[in-house]
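Quick notes on the structure that follows.
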Amino acid sequence: MGETKKTIFHMSDIHVGEDGVETDDFRQIVDSIEKRAAHVTSPLLLITGDLTAEGLREEYEEFAGVVEGLSVPMVVIPGNHDERNYGAVHFEELLGERFKTYEDDSIALYAADSAEPDNDAGHVGRTKYEEISDFFGQAKEKVRIFALHHHLIPVPHTGREHNVVEDSGAVLGVLDLANCSIVLNGHRHVPWMWNLNNMVHYTTGTLLSRRIRGATIQVHTLIEISEDDVTFTLIEKTGSASLFSRSELRVLPRSSL
Ligand SMILES: [Fe+2]
């Protein structure tokens, strides 16, 4: 394993407002991330949607109250639950743009809103493909990361497939041609990693929802990125950590491989 260049704390599917989800637990986890972040290389908190249960104003305010003033840089995008009841209005007001980019010396991250109002299915959309290609095209020396709420590839142990991104084939094609290194998402509440054409696809589990599907647990993921590999470590609510998976990384553009 190479020297870590970037550390991403990846959480998803918090579902503030859902029965059994305690805001105090969420606050405690965010505090623990802030403490851990002080001892890692170049930390970033990435939250891939379903912040709320029903997209309601009071749920958004509760979520925003916990992450407000965080000392760690944060990128947050909405999920399908956040777009219920036209919640996108509250998202934009309290948490900014629904599509975001983040860039530093080692990574280029494009974070997309794959949710639509009152539709649980995922969708990126043709109008975004060129923007995604251009963004990754100007970041050839960096680890290129695409983040969204929904999964582009089905996840095992989650029951029958539904809600996969409607234009997933086209999006996968765009990402493959753009030499995307890592795709990060949530939505399925079950951690999983696929490696497709040397592109790593990682789904993190739910942070706090009780709907954990069988024998999995509530987690967030510590992602350590080096020049040539990526490591995913699951961190439970209690703070206990266990290695989930590791993969080599495609960083160089295909033409120079
Ligand atoms: Fe979701």
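Numbering (this note's numbering), first residue to last: 3 to 259. Positions of the beta carbon are idealized from the N, C-alpha and C atoms, including for glycine. Model, not experiment: these values are computed from the prediction.
Can you check which of these residues, the options, is closest to residue i by C-alpha distance?
{"i": "T218", "options": "P193, I225, V202 and E56", "result": "P193"}
{"i": "E61", "options": "D21, S44, L72 and L48", "result": "D21"}
{"i": "Q30", "options": "V91, L210 and I227", "result": "L210"}
{"i": "R100", "options": "A114, Y88 and A110", "result": "A114"}
{"i": "G89", "options": "E24, G188, E226 and A117", "result": "A117"}
{"i": "A149", "options": "I35, L177, K142 and T160", "result": "L177"}
{"i": "D120", "options": "A55, E229 and S14", "result": "A55"}
{"i": "W196", "options": "I134, V232 and V69", "result": "V232"}
{"i": "H153", "options": "K239, G51 and H189", "result": "H189"}
{"i": "Y104", "options": "I10, F234 and S249", "result": "I10"}
{"i": "Y1", "options": "G175, F246 and E229", "result": "This structure gives no information on residue 1, because the portion of the chain shown stretches from 3 to 259."}
{"i": "I214", "options": "G51, T160 and K130", "result": "T160"}
{"i": "F262", "options": "R128, G51 and H125", "result": "Because the chain here runs from 3 to 259, residue 262 falls outside it and cannot be looked at."}
{"i": "T6", "options": "E238, E226 and K239", "result": "E226"}
{"i": "L46", "options": "D106, V23 and P158", "result": "D106"}
{"i": "L198", "options": "E238, K239, R128 and I155", "result": "I155"}
{"i": "P75", "options": "D26, E36, T25 and S14", "result": "E36"}
{"i": "V202", "options": "K239, S249, R38 and T129", "result": "S249"}
{"i": "H83", "options": "G127, S14, A39 and R38", "result": "S14"}
{"i": "R212", "options": "F234, K239 and N200", "result": "K239"}
Thinking C-beta only, is residue j closer than 7 angstroms to residue i?
{"i": "G81", "j": "H151", "result": "yes"}
{"i": "E64", "j": "V18", "result": "yes"}
{"i": "S244", "j": "L251", "result": "no"}
{"i": "A66", "j": "L96", "result": "yes"}
{"i": "L58", "j": "I16", "result": "no"}
{"i": "V78", "j": "I49", "result": "yes"}
{"i": "G241", "j": "S34", "result": "yes"}
{"i": "I134", "j": "L111", "result": "no"}
{"i": "H263", "j": "G216", "result": "Coverage of the chain is limited to positions 3 through 259, which leaves residue 263 absent and any answer about it impossible."}
{"i": "H41", "j": "L186", "result": "no"}
{"i": "S44", "j": "K102", "result": "no"}
{"i": "E229", "j": "G4", "result": "yes"}
{"i": "V68", "j": "V23", "result": "no"}
Answer yes or no: the CB of residue i versus the heavy atoms of ligand 1, is any distance below 6 angstroms?
{"i": "R52", "result": "The sequence shown places Asp at residue 52, rather than the Arg named in the question. Yes, since a heavy atom of ligand 1 falls inside the 6 angstroms radius drawn around the Cβ of D52."}
{"i": "H17", "result": "no"}
{"i": "N82", "result": "yes"}
{"i": "H189", "result": "yes"}
Self-check item: Given 8 angstroms, three or more beta-carbon pairs between the region 119–139 and the region 175–186
Solution: The region 119–139 vs the region 175–186: in contact.
Practice problem: Give a yes or no on contact between the region 221–229 and the region 161–175, applying the rule of three or more CB pairs nearer than 8 angstroms. | Solution: Fewer than three beta-carbon pairs drawn from the region 221–229 and the region 161–175 are found closer than 8 angstroms, and the two stretches are therefore not classed as touching.
Quiz item: What beta strand (DSSP E) runs, 3 residues minimum, are completely inside the region 49–94?
Solution: Every beta strand (DSSP E) of 3 residues or more that sits fully in the region 49–94 is shown, in chain order, as 76–79.
Quiz item: If you scan the region 13–46 from start to end, which runs of the alpha helix (DSSP H) of 4 or more residues do you find wholly inside it?
Solution: Taking only runs of at least 4 residues, the alpha helix (DSSP H) segments lying wholly in the region 13–46 are 25–39.
Practice problem: Identify every run of the beta strand (DSSP E) within the region 164–215, keeping only runs that are complete inside it and at least 3 residues long; order them along the chain. | Solution: Runs found: 184–187, 194–198 and 201–205.
Quiz item: What residue ranges within the region 110–163 form continuous alpha helix (DSSP H) runs of no fewer than 4 residues, ordered along the chain?
Solution: Fully enclosed alpha helix (DSSP H) runs of 4 or longer: 131–139.
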